[in-house]
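Engineer: The structure is given below, and queries will be raised subsequently.
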Amino acid sequence: MTIPILLLLLCQSSNPALAAEYIVGPQDRLAITVFEEPTLTKTVTVDSDGSFDFPLIGRLTAGGMSVRQIAADLKKRLGPPNGFLVNPQVNIEVETYRSQVVYVNGQVRIPGAVPLKGAMTIMDVLAQAGSPTAEAG
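Quick note, the sequence shown lines up with residues 0 to 136 if you use numbering that gives the first Met the number 0.
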């Protein structure tokens, strides 16, 4: 008799349109690119209060906002009338979904929560859980 593995997936997609609607939470890592501005291109980790520091601007709220909303807010703060940039082009990607987890239960070596990192597949999640045991189905 084999025992199945159960995966509970939360808010994860490799679809870029859905990723733009992802709601950012604490400990998520965001890769921010400001085109043709290498000093403003950086990776940030969202703090437990839902904000992060960004050059020229200071603290920026990200928690509870979509990736698209954060990019629009950043573009607005970098552009006129502040005068930092004439027409900033901002792109944000979630590098690590630390506020989102997948729960793996059943016949795996390390059952429990697996933090999502980038665009992980089910096979990636199973590998993080230590792969299925011999009793798995």
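For every residue, glycine included, the Cβ atom is placed at its ideal position computed from N, Cα and C.
Note that the structure is predicted; figures quoted are calculated from it, not measured.
1) With a threshold of 16 other CB atoms inside 10 Å of the CB of I121, please say whether the residue is buried or exposed.
2) In the structure shown, what three-state DSSP assignment does A126 receive?
3) Bridge partners for F34 per DSSP, in chain order?
4) Can you give me the start and stop residues for the beta strand (DSSP E) that V100 sits inside?
5) DSSP three-state label for K116, please.
6) Measure from the alpha carbon of Y21 to the alpha carbon of each residue in L77, G63 and T38, then state which is nearest.
7) Please classify D52: is it buried, with 16 or more other beta-carbons within 10 angstroms of its beta-carbon, or exposed?
8) Taking only the alpha-carbon atoms, compute the straight-line gap between Q68 and K75 and give it to the nearest angstrom.
Structural biologist: In short:
1) Mapped onto the sequence shown, residue 121 falls at position 122. Exposed is the call here.
2) Here residue 126 corresponds to residue number 127 of the sequence shown, with the count starting at 1. Helix at A126.
3) Locating residue 34 in the sequence shown gives position 35, where the first residue counts as 1. None, per the DSSP bridge assignment.
4) Here residue 100 refers to the residue found at position 101 of the sequence shown. Unbroken beta strand (DSSP E) run through V100: V89 to G105.
5) In the sequence shown, residue 116 corresponds to position 117, counting from 1. DSSP places K116 in coil when its eight states are reduced to three.
6) The sequence position of residue 21 within the sequence shown is 22, counting from 1. Of all alpha-carbon atoms in L77, G63 and T38, the one lying nearest the alpha-carbon of Y21 is that of G63.
7) Locating residue 52 in the sequence shown gives position 53, counting from the first residue. Classification of D52: exposed, given that the 10 Å Cβ count is below 16.
8) Along the sequence shown, one-based indexing puts residue 68 at 69. Along the sequence shown, one-based indexing puts residue 75 at 76. Taking the straight line from one Cα to the other gives about 11 Å.
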